[in-house]
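Participant: To convert, note that position 39 of the sequence shown is 28 in the numbering used here; the numbers rise steadily by one, no gaps. The beta-carbon is built from N, C-alpha and C at its ideal position, and this holds for glycine as well. Here it is, the structure in full.
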Amino acid sequence: MSSPDDNDKTFEVRRNPWRGWGWALVGIPFLVMGVDVLFTRYFTDQLLEIAYSTAANTEGTMETRDYIFAAIFILAGGGLVLYGLKELLAPTLVMLADDLGLEVRSGPFATPLRYRWENVGAIEPRTVDIDGASHEVLHIGEVEPTGPEPWGGRWAQPDGLDILTEGWSMSSEEVTENLEERRLSGMEVAVVDNTDGETAIEDE
-10 MSSPDDNDKT FEVRRNPWRG WGWALVGIPF LVMGVDVLFT RYFTDQLLEI
40 AYSTAANTEG TMETRDYIFA AIFILAGGGL VLYGLKELLA PTLVMLADDL
90 GLEVRSGPFA TPLRYRWENV GAIEPRTVDI DGASHEVLHI GEVEPTGPEP
140 WGGRWAQPDG LDILTEGWSM SSEEVTENLE ERRLSGMEVA VVDNTDGETA
190 IEDE
């Protein structure tokens, strides 16, 4: 499969960058509190003063566990902030398609699922019930389970793959339209290639 820079026919589906940025906002308070406990203790003393209605000064009274918790806060908060910045600048790639086939990402360390268009059935948006709640998914028909379920996806019965579209940068309808266009085009190319191959064999 070609890379995103090979031609303008490549279609990419990425996560919504602002969804990741939301996690960064969650991480900021943890980062601030961790730094405060380790260094300034300004907010720590203010919170204790509010809680106990008396002036508080924690200097020299911090225990080892307090510093451990502060370090955990810094690591967790810093990680969330860095993740949010990464998603804002370079949103995670979920799916990649070109004239040859479809590639579905399965996480940062797992091998992507790759299918040629002649091995892919109809692609359509669906609503499925998951634990009693309705969720919008993209159904990719007739693909065989060739590896672990991708993030946000599950193998559908009797065949195919359902992928949650929540958090994508575009609607499931827009994704379906683009993928179906490439699937039909790819199947036509496959038919032509097979016909040319049969003709070459007959000529021999």
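Can you tell which of Glu170, Gly68, His128 and Leu102 has the C-alpha that lies nearest to the C-alpha of glycine 23?
Facilitator: Residue Gly68 is the option with its Cα nearest to glycine 23.
Participant: Along the alpha helix (DSSP H) that carries alanine 59, what are the first and last residues, could you check?
Facilitator: 53 to 78
Participant: Mind the definition here: the stretch 145 to 154 touches the stretch 113 to 125 only if three or more C-beta pairs lie below 8 Å; say whether that holds.
Facilitator: Touching, yes.
Participant: By how many angstroms is the C-alpha of phenylalanine 19 removed from the C-alpha of leucine 89?
Facilitator: 46 Å
Participant: Taking the alpha-carbon of leucine 91 as reference, which of Asn5, Arg4 and Met176 has the nearest alpha-carbon?
Facilitator: Met176
Participant: Can you name, in chain order, every residue of its own chain whose Cβ lies under 7 Å from the Cβ of threonine 188, other than the five neighbours on each side?
Facilitator: Its pLDDT being 40, under 50, threonine 188 is placed unreliably by the model, and nothing is read from it.
Participant: List the endpoints of the continuous beta strand (DSSP E) containing alanine 86.
Facilitator: 82 to 86
Participant: Taking all protein chains shown into account, do 16 or more other C-beta atoms lie within 10 angstroms of the C-beta of aspartate 87, making it buried, or fewer, making it exposed?
Facilitator: It is buried - the Cβ of aspartate 87 has at least 16 other Cβ atoms within 10 Å.
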